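According to the numbering used here, the sequence shown is numbered sequentially starting from 21. The structure appears below as structure tokens.
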Amino acid sequence: MKLAILREIAPETRVAAIPETVKKFIALGASVSVERGAGETAGIADAEFEAAGATIADRATALNDAGIILCITGPAPDSLAGAATGALLIGALDPARRADDIAAYASAGLDPLAMEKMPRITRAQSMDILSSQSNLAGYKAVVDAASAYGRAYPMMMTAAGTVSPAKVFVMGVGVAGLQAIATAKRLGAQVSATDVRSATREQIMSLGAKPIFVENVAGIEGEGAGGYAGEMSPEYQAAQAELVSSHIAKQDIVITTALIPGRAAPRLISDAQLSTMRSGSVVVDMAAEAGGNVEGCVAGESVVKHGVTIIGAVQLARSVAADSSALFARNLYNFLNAFWDKESAAPMLPDDDEIVIALRVAPRIESATATPA
């Protein structure tokens with residue numbers, strides 16, 4: 021079985037394989053062809069892939085007779101000519117917003133598997149690209165906020181006086197939020213956090229942050245589909261808005277992470293609430309691409325309103341390309357390894373497996389990979 025690793029198109033900086041995973045795929049009996057320059061923006065030279073056993077080629081040669089194509093984001097369908105009929109195209113394919121491309125992949129004889137659809141189940145944790153990339157994004161959100169914030173994070177006691185610690189408020193305690201809390205704490209900030217899921221209170225406290233929760237109003241006791249929060253009741257939304265208004269005015273940095281799959285991001289901070297924050301404060305909106313949690317947020321840009329810098333964060337994992345590539349590549353390897361048949365040196369994807377069902381976003385065609393009888 022031949023695997024093709026594609027070079028991504030800017031602004032994407034990550035790569036879908038690293039020398040470590042190349043060696044592992046070859047150990048499974050596969051051959052690996054890497055498109056020339058695929059790892060450059062992630063700090064991986066072609067020579068490193070070659071040393072791991074891969075061949076370096078142009079895209080057409082890399083794709084020729086490939087049974088598996090690994091990518092970060094889905095490439096243009098017309099750029100994949102030459103792959104074997106039924107080849108697996110595996111990556112973050114964004115089927116919700118790229119339905120036409122998904123259909124084109126299938127029409128071209130490919131079997132697209134969208135890794136962001138990975139179910140949140142125990143045996144799939146090591147394959148979950150959303151978790152691995154969100155973890156780094158949460159870290160980077162705090163680092164970017166520190167860069168934009170004109171003061172120090174930790175308390176400093178000097179002969180010239182004391183520098184007070186920054187106050188950081190994290191809204192939404194999923195994977196990204198938890199890493200944001202941990203990073204802000206490491207930098208010495210006073211950290212508080214909130215979420216609509218009551219179960220996150222203990223997680224917040226375990227990281228040394230102060231939980232800020234609406235009391236005596238029913239919110240969401242459990243998690244919604246896939247571990248995400250569901251929608252809040254109108255009563256809870258009103259109570260939360262009042263709580264946030266009183267708390268946010270005292271904060272220096274706010275990180276928002278709230279997303280609801282398949283819907284626009286919930287509005288957490290209004291323009292009126294922004295106006296109560298101290299001039300020079302920073303808000304990082306990690307839901308900017310989904311409409312934003314913050315009124316006035318612009319995806320991919322930093323804007324200033326009422327003296328507050330609002331960073332519309334987009335694909336923060338790309339800005340730490342070496343680490344995010346390594347985690348993404350391991351997710352892809354873990355997925356394929358879990359279904360790898362040693363005798364045929366190819367993955368077997370049972371049609372009734374819950375992971376396969378979740379990832380397959382187009383009708384299955386006659387595959388170049390092994391399938392069970």
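Glycine is no exception: its CB is placed at the ideal position from the N, C-alpha and C atoms. Values in this document were obtained by computation on a predicted structure and should not be read as measured data.
- In chain order, His326 place their CB closer than 6 Å to the CB of Ser295, counting only its own chain and leaving out the 5 sequence neighbours on each side.
- Comparing alpha carbon positions, the residue from Thr178, Leu279, Pro97 and Gly181 closest to Gly192 is Leu279.
- Note that the region 117-136 touches the region 90-100; at least 3 beta-carbon pairs, one per stretch, sit closer than 8 Å.
- In the DSSP annotation of this structure, the continuous segment of the beta strand (DSSP E) that includes Asp305 starts and ends at Val302 to Asp305.
- Spanning the alpha carbons of Asn354 and Ile76 requires a straight line of approximately 23 Å.
- In the three-state reduction of the DSSP assignment, Glu136 falls in the helix class, which pools H, G and I.
- Distance between Pro367 and Trp360, taken at the CA atoms: about 4 Å.
- Beta-bridge pairing by DSSP links Ile275 to Val190 and Val304.
- For Gly111, the enclosing beta strand (DSSP E) has its first and last residue at Leu108 to Ala112.
- Taking Pro39 as reference, the option from Arg350, His267, Glu374 and Ala365 with the minimal CA-CA separation is Arg350.
- As the crow flies, the alpha-carbon of Leu352 is around 52 Å from that of Gly181.
- With fewer than 16 other beta carbons inside 10 angstroms of its own, Ile377 counts as exposed.
- Checking the DSSP bridge columns, you'll see Gln210 partnered with Lys187.
- Ala341 and Ala161 have their C-alpha atoms some 15 Å from each other.
- Only residues of its own chain outside the window of five on either side were considered, and among them Ile25, Arg27 and Val35 have a CB closer than 6 Å to the CB of Ala58, listed in chain order.
- Per DSSP, reduced to three states, the secondary structure at Leu23 is strand.
- Taking 8 Å as the cut-off, the beta carbon of Ser301 is found closer than this to the beta carbon of Gln271.
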